[in-house]
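Novice:
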Amino acid sequence: MTKQRRVAVTSPQTSLVIARRRAGVRVDPPHLAPADMDRARRVHREQLRRALGAVAGLAGLIIGLPLALFAFPALDAVRLLGVPVSWLAVAVLPYAVLVLLAGWQLRRAEEAEE
Numbered sequence: 058m059t060k061q062r063r064v065a066v067t068s069p070q071t072s073l074v075i076a077r078r079r080a081g082v083r084v085d086p087p088h089l090a091p092a093d094m095d096r097a098r099r100v101h102r103e104q105l106r107r108a109l110g111a112v113a114g115l116a117g118l119i120i121g122l123p124l125a126l127f128a129f130p131a132l133d134a135v136r137l138l139g140v141p142v143s144w145l146a147v148a149v150l151p152y153a154v155l156v157l158l159a160g161w162q163l164r165r166a167e168e169a170e171e
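All residue numbers for the sequence shown refer to my numbering, where the first residue is 58 and numbers rise by one.
#1: Below 7 angstroms between beta carbons: does that hold for Arg165 and Arg99?
#2: What would DSSP say about Leu137, mapped onto helix, strand or coil?
#3: Kindly confirm or deny that the stretch 113 to 128 and the stretch 145 to 154 touch, where touching means at least three C-beta pairs closer than 8 angstroms.
#4: Express the C-alpha separation of Ala128 and Val135 in angstroms, rounding to a whole number.
#5: Do the CB positions of Leu155 and Gly114 come within less than 7 angstroms of each other?
#6: Can you tell me whether DSSP reads Leu126 as helix, strand or coil?
#7: Round the Cβ separation of Gln104 and Ala169 to the nearest angstrom and send it over; I've been treating them as touching at under 8 angstroms.
#8: Classify His88 as helix, strand or coil using the three-state DSSP reduction.
#9: Compare the C-alpha of Val112 against each of Leu163, Glu167, Glu171 and name the closest.
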């Protein structure tokens, strides 16, 4: 199965709304049909719920890493290529986890849209 290319879908009125906003004219956004509004609200709630899981993972990383380094002070003595493992954990591990967390969240948000 080939992977479909993502396409940004915007209202044809988007550029008009942006232009009017720059000119200082108040513009009401276009309204959705009731069925479309219900679906948009459901998707929004589902994506928000799933995003909270990703935020919890981020909070776990931010709180857990210092606690783990505090709990295992012996990691300062362990060296990898002459660099303490605790330094590598602070300098490299968060970025790798953030990339994985972002990919996971993106897949979950796309699943909610389908």
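Idealized CB from N, CA, C, for every residue including glycine. Only a predicted model underlies this, so the values are computations on that prediction, with no experimental measurement involved.
Specialist: Taking the coordinates as given:
#1: no
#2: strand
#3: yes
#4: 15 angstroms
#5: no
#6: helix
#7: 5 angstroms
#8: coil
#9: Leu163
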